[in-house]
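For reference, the structure is listed below as structure tokens.
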Amino acid sequence: MSKLSRRFLLKGLLGAAIAALATALPRFAFGAWPEQAFRTKNVPDTLQALFGTASVITDTKGITLSVTDLAENGAVVPVTVTSTLPAVDSIALMVDKNPSTLAAQFLLAPGLKPFIKTNIKMAETSRVIALVRSEGKLYSTNKKVKVTLNGCSS
Amino acid sequence: MENTIKIRATLENGVTTVKLQILHPMDTGLFRDAKTGNVIPAYFIKELRCEHNGKLVLEALWSIAISKNPYLSFSFEGGAAGDTVKVSWTDNKEISGSGETQIS
Numbered sequence: 075m076s077k078l079s080r081r082f083l084l085k086g087l088l089g090a091a092i093a094a095l096a097t098a099l100p101r102f103a104f105g106a107w108p109e110q111a112f113r114t115k116n117v118p119d120t121l122q123a124l125f126g127t128a129s130v131i132t133d134t135k136g137i138t139l140s141v142t143d144l145a146e147n148g149a150v151v152p153v154t155v156t157s158t159l160p161a162v163d164s165i166a167l168m169v170d171k172n173p174s175t176l177a178a179q180f181l182l183a184p185g186l187k188p189f190i191k192t193n194i195k196m197a198e199t200s201r202v203i204a205l206v207r208s209e210g211k212l213y214s215t216n217k218k219v220k221v222t223l224n225g226c227s228s
Numbered sequence: 003m004e005n006t007i008k009i010r011a012t013l014e015n016g017v018t019t020v021k022l023q024i025l026h027p028m029d030t031g032l033f034r035d036a037k038t039g040n041v042i043p044a045y046f047i048k049e050l051r052c053e054h055n056g057k058l059v060l061e062a063l064w065s066i067a068i069s070k071n072p073y074l075s076f077s078f079e080g081g082a083a084g085d086t087v088k089v090s091w092t093d094n095k096e097i098s099g100s101g102e103t104q105i106s
């Protein structure tokens with residue numbers, strides 16, 4: 075093997091190692107806006123786009139989703155998600171019947187409490203789904219919210 | 003963009019709770035202007051980052067489905083009174099804003 079090709083090989087290996095490291099690092103540090111995920115129209119597609127898997131464990135004990143049963147105004151629906159699951163690094167909010175399913179994703183650094191409170195919009199009566207990633211596994215719970223005034227379009 | 007963000011960070015029993023609100027229309031792109039009948043283009047915050055003493059602690063990826071004048075609350079361990087909490091955001095027109103506060 076010539077000197078040149080050995081150097082070439084080494085460079086290639088180094089490049090591959092860096093690439094592998096970059097993919098192994100948590101998304102947290104480089105969270106690019108997940109355009110594909112925000113275009114999805116149903117929960118399995120959203121999960122696939124965000125996490126590369128649609129397999130999710132329904133967990134009504136480990137996740138608490140606080141949201142009203144009846145939203146007078148779909149433009150402002152307060153939602154609180156808390157969890158007792160360990161090492162939560164992602165909380166996502168989805169609305170089944172919105173024009174796009176995924177409303178928001180929150181990426182949490184270690185040390186953050188598994189707690190998010192925000193206001194979302196709802197187009198019509200639908201399930202609100204809270205999705206939590208804990209130790210690499212996905213858990214979700216949901217609640218039906220009746221909407222009397224559409225908050226997404228006129 | 004000044005005075006478009008309000009942040010409060012309070013420490014209680016070792017847990018810092020951050021509450022923030024940003025003035026932003028968060029237009030969905032699905033409404034029409036009542037007068038002209040033209041569609042109001044989507045205009046929304048896409049990304050929000052929160053730093054505690056310069057360290058990234060939370061990143062929010064948002065869509066049009068976050069309400070107008072977005073509100074967000076979250077909490078973390080390890081804060082101390084006087085620490086800086088900084089929040090910065092960027093919307094789909096690449097306009098950004100930021101604000102900071104001290105934990106009290």
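Read top to bottom, the protein sequences are chains A and B.
Counting from 75, one number per residue, gives the positions in the first sequence under my numbering.
Counting from 3, one number per residue, gives the positions in the second sequence under my numbering.
We put the beta carbon where it would ideally sit given N, CA and C, even for glycine.
Since the structure is predicted, the reported quantities are computational estimates derived from the model, not experimental observations.
**Q.** A:Leu182: contacting residues in chain B (beta-carbon distance under 9 Å)
**A.** Val59, Leu60, Glu61, Phe76 and Phe78, listed in chain order.
Q. Using CA coordinates, which residue listed in A:Leu186, A:Lys211, A:Lys218 and A:Gly225 is at the minimum distance from A:Asp133?
A. That would be A:Lys211, whose Cα lies nearest to the Cα of A:Asp133.
Q. Can you give the beta carbon distance from B:Ile24 to A:Ala177, rounded, assuming they're within the 8 Å contact cut?
A. In fact, because the Cβ distance is near 16 Å, the residues do not count as touching under 8 Å.
Q: Could you tell me whether any Cβ in chain B is nearer than 8 Å to the Cβ of A:Leu121?
A: Residue-level contact check: A:Leu121 does not touch chain B, since none of the beta carbons of chain B fall below 8 Å from its beta carbon.
Q: Would you verify that the beta carbon of A:Asn116 is, or is not, closer than 8 Å to some beta carbon of chain B?
A: Chain B, which has no Cβ nearer than 8 Å to the Cβ of A:Asn116, makes this no.
Q) Would you say the beta carbon of B:Ile68 comes nearer than 7 Å to a heavy atom of the ligand MG? A) This structure lacks the ligand MG; in fact it carries no ligand of any kind.
Q: Check whether the Cβ atoms of A:Ser164 and A:Gly136 sit closer than 8 Å, and answer yes or no.
A: No Cβ-Cβ contact shorter than 8 Å links A:Ser164 with A:Gly136.
**Q.** Endpoints, the alpha helix (DSSP H) within which A:Phe112 is located
**A.** Residues Glu109 to Arg113.
**Q.** Own chain residues within Cβ distance below 6 Å of B:Glu61, not counting five before or after
**A.** Result list for B:Glu61: Arg51, in chain order.
Q: Tell me whether the beta-carbon of B:Leu58 lies closer than 8 Å to the beta-carbon of A:Ala183.
A: Yes, the Cβ-Cβ distance between B:Leu58 and A:Ala183 is below 8 Å.
Q. Closest by CA to A:Lys220, which one among A:Val206, A:Tyr213, A:Leu205 and A:Arg201?
A. The shortest C-alpha separation from A:Lys220 is found at A:Arg201.
Q: Would you kindly work out how many angstroms separate the C-alpha atoms of A:Thr114 and A:Ser214, rounded to a whole number?
A: The straight-line gap from Cα to Cα measures roughly 17 Å.
(Q) Please report the straight-line C-alpha distance between B:Gly39 and B:Leu13, rounded to a whole angstrom. (A) Straight-line Cα distance between these residues: approximately 48 Å.
Q | Neighbour flag for A:Thr192 against chain B, beta carbons, 8 Å | A | With 8 Å as the cut-off, A:Thr192 counts as an interface residue toward chain B.
Q) Taking B:Leu74 as the reference, which of A:Pro118, A:Thr154, A:Asp119 and A:Val130 has the closest Cα? A) Nearest option by C-alpha distance: A:Thr154.
Q. What does A:Met168 pair with, by DSSP beta-bridge criteria?
A. Beta-bridge pairing links A:Met168 to A:Leu176 and A:Ile203.
Q. DSSP state of A:Thr215, grouped into three classes?
A. Here A:Thr215 sits in strand by DSSP.
Q) Using the C-alpha atoms, what's the distance from B:Lys8 back to A:Phe189? A) Going by the C-alpha atoms only, they are around 20 Å apart.
Q | Same chain only: Cβ atoms within 7 Å of B:Gly16, ignoring 5 sequence neighbours per side | A | Cβ neighbours of B:Gly16 beyond the five flanking positions: Glu79.
Q: Tell me, please, which residues DSSP counts as bridged to A:Pro152.
A: Residue pairing by DSSP places A:Pro152 opposite A:Asn193 in a beta bridge.
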